[in-house]
Amino acid sequence: MIQHHLLLCATPAKALCSPDPAVGLESWNTLKRLVREWGLEDPSRADGIVLRSKADCLRICAEGPVLLIWPEGIVYGGVTAERIERILKEHVIGGTPIEDWIVKRMPFQPSKR
Ligand code: FES
Numbered sequence: 000m001i002q003h004h005l006l007l008c009a010t011p012a013k014a015l016c017s018p019d020p021a022v023g024l025e026s027w028n029t030l031k032r033l034v035r036e037w038g039l040e041d042p043s044r045a046d047g048i049v050l051r052s053k054a055d056c057l058r059i060c061a062e063g064p065v066l067l068i069w070p071e072g073i074v075y076g077g078v079t080a081e082r083i084e085r086i087l088k089e090h091v092i093g094g095t096p097i098e099d100w101i102v103k104r105m106p107f108q109p110s111k112r
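One point on numbering: in numbering that gives the first Met the number 0, the residue at position 72 of the sequence shown is 71, and numbering is uninterrupted.
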């Protein structure tokens with residue numbers, strides 16, 4: 000079972016949302032490290048695993064680095080390494096999104112089938 004999928008626009012080719020690639024790269028490395036260290040990708044995790052992917056552009060293109068979290072469709076902006084840690088703790092593990100850092104919500108359309 001998958002609990003969350005996290006997509007980070009960390010080092011985009013056109014650098015539209017995050018002009019300094021060093022900031023995005025540090026966020027990405029922190030995300031990978033914490034997901035591993037906190038056992039979030041452990042297949043036996045009761046709440047399901049947490050997937051993380053480095054995306055090139057999430058079509059937000061402002062206030063980066065940008066982190067999109069499914070299934071909620073919540074987009075965080077200004078996602079530095081420090082923010083990654085708190086987002087994982089409070090949103091992904093704790094279940095409470097951090098409203099002040101949300102820059103967009105893009106929920107799925109409910110299936111008509
Ligand atoms: S370049 Fe980061 S969202 Fe588009």
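Even for Gly, the Cβ is constructed at its ideal location relative to N, Cα and C. Since the model is a prediction, treat every value here as computed from it, not as a measurement.
Cβ separation of residue i and residue j, assumed to be a contact under 8 Å, to the nearest whole Å
{"i": "residue 97", "j": "residue 89", "result": "6 Å"}
{"i": "residue 53", "j": "residue 74", "result": "At roughly 16 Å, the Cβ-Cβ gap does not stay under 8 Å, so residue 53 and residue 74 are not in contact."}
{"i": "residue 49", "j": "residue 7", "result": "With a Cβ gap of about 12 Å, residue 49 and residue 7 do not count as contacting."}
Pairwise C-alpha distance: residue j and residue i
{"i": "residue 76", "j": "residue 30", "result": "15 Å"}
{"i": "residue 111", "j": "residue 56", "result": "29 Å"}
{"i": "residue 100", "j": "residue 47", "result": "25 Å"}
{"i": "residue 35", "j": "residue 44", "result": "12 Å"}
{"i": "residue 63", "j": "residue 10", "result": "10 Å"}
{"i": "residue 94", "j": "residue 67", "result": "15 Å"}
{"i": "residue 26", "j": "residue 91", "result": "16 Å"}
{"i": "residue 106", "j": "residue 71", "result": "6 Å"}
{"i": "residue 33", "j": "residue 80", "result": "10 Å"}
Residue i, enclosing alpha helix (DSSP H) - first and last residue
{"i": "residue 52", "result": "No alpha helix (DSSP H) holds residue 52; the beta strand (DSSP E) holding it covers 48-54."}
{"i": "residue 31", "result": "20-36"}
Residue range of the unbroken beta strand (DSSP E) whose run includes residue i
{"i": "residue 8", "result": "1-8"}
**Nearest-residue set for ligand 1, Cβ under 7 Å from any heavy atom** = 8, 11, 13, 14, 15, 16, 17, 56, 57, 58, 59, 60, 63, 65
**Prompt:** Considering only residues of the region 47-105, which uninterrupted alpha helix (DSSP H) runs meet the minimum length of 4 residues and lie entirely inside it, listed in chain order?
**Reply:** 80-86
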